[in-house]
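Residue numbers (the working numbering): 1 to 320. Read through the structure below, which is laid out as structure tokens, and then see the notes.
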């Protein structure tokens, strides 16, 4: 049973993962090599406790109790006896390999070793793991990890069924929604779908089919509106598979499928207009800091999370 959690890396994802479990009563240790990063994470705990409560999210613990569930350390050896470790350091294969080898050496036999990687292969990351080979797993959270429900799970060839099910049950008992990725492929599932949408969207912009503003409107008020209440395959069912077969037959050969550079992104990156953190990307972001815009986004996402949870609860009550 997983009672104690270790999170490695106090950046955006590591903080979110630690926050998610601390507010649910899990004893969590967040570690980073940087004291400054840990201090920033401590401050964000107070900010997000206030934000969650302001939006009406039901945290069943007081702020003092939540903070008693989280500890901060620069000493990775403090994780040696926890039940589950989720690594969330930068996407550098060599760094992750060294880290997992170190964890394999210092951790107790029962410890499960998980990576939050979104672009690297679990089999590559764990190549030097020996003692915990059957206790490794990929747990891919989505940013912001403390709000977006989905976690993608991927087991290695050696991961035991017991470990997989233990991690799955632990995540779901702490308000996450899991899927199993059955094959080790680049990008896993959700990111591959996102990249396919992005590629087609950028192609439509660059080929002069639609303006940037109207492209976003089309997604937000069209497919995105439906996706907020239904999965893709159910949308196909409601549209009629015969209709969608005709759509696929007619459009599949015409949509963007090439590997190409998109000037819409390339030129912005070259000029430094890389998004919210630079104050300008496809849109301009004046008058507030990056953290201010993130907090504004997260406030909207918390509202959406609460609406989704309310709808799911209503459906469950109807089915009882």
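Glycine residues also receive a C-beta, built at the ideal position from the N, C-alpha and C atoms. Computed from a prediction, not measured in an experiment: that's the story for all the values here.
query                                                                                                                                                      : result
Near residue 268, what residues of its chain come up, given a Cβ to Cβ distance below 7 Å and the 5 sequence neighbours on each side ignored?              : 274 and 281
Hey, quick one: how far does the beta strand (DSSP E) through residue 140 stretch, first residue to last?                                                  : 136-141
Distance check for residue 203 and residue 28, CA to CA, integer angstroms please.                                                                         : 44 Å
Using a threshold of 7 Å, state whether the C-beta atoms of residue 70 and residue 100 are closer than that.                                               : no
Just to check, is the beta-carbon of residue 59 closer than 6 Å to a non-hydrogen atom of the ligand ADP?                                                  : Questions concerning the ligand ADP fall outside what the structure shown contains, since it holds no ligand whatsoever.
Who are the near neighbours of residue 89 in its chain, counting only those whose CB is closer than 7 Å to its CB and skipping five residues on each side? : 8, 9, 95, 96 and 99
Give the C-beta separation of residue 147 and residue 302 to the nearest angstrom, bearing in mind that I take them to be a contact with Cβ-Cβ under 8 Å.  : 6 Å
Between residue 103 and residue 113, is the Cβ-Cβ spacing less than 7 Å?                                                                                   : yes
Given a threshold of 16 other Cβ atoms within 10 Å of its Cβ, counted over all protein chains shown, does residue 144 qualify as buried or as exposed?     : buried
Return helix, strand or coil for residue 100, following the three-state DSSP convention.                                                                   : helix
Restricting to Cα atoms, I'd like to know which of 76, 36, 19 and 34 is closest to residue 59.                                                             : 19
What does the alpha-carbon distance come out to for the pair residue 187 and residue 119?                                                                  : 6 Å
For the beta strand (DSSP E) containing residue 7, list its first residue and its last residue.                                                            : 4-8
Compare the Cα-Cα distances from residue 65 to each of 45, 35 and 165 and report the closest residue.                                                      : 45
Which whole-angstrom value is the C-beta distance of residue 321 and residue 140, which I expect to be below 8 Å?                                          : Past the boundaries of the shown model lies residue 321; the chain is included only from 1 to 320, so the question cannot be answered.
How big is the Cα-Cα spacing for residue 117 and residue 91?                                                                                               : 7 Å
Can you tell me which residues form a DSSP beta bridge with residue 115?                                                                                   : 87 and 138
Whole angstroms are fine: how far does the CA of residue 184 sit from the CA of residue 121?                                                               : 7 Å
Assign residue 49 to buried or exposed, taking buried as 16 or more other Cβ atoms, counted over all protein chains shown, within 10 Å of its Cβ.          : buried
Among 283, 83 and 74, which residue has its Cα nearest to the Cα of residue 211?                                                                           : 283
Among the candidates 151, 152, 159 and 154, whose CA atom is the shortest distance from the CA of residue 130?                                             : 159
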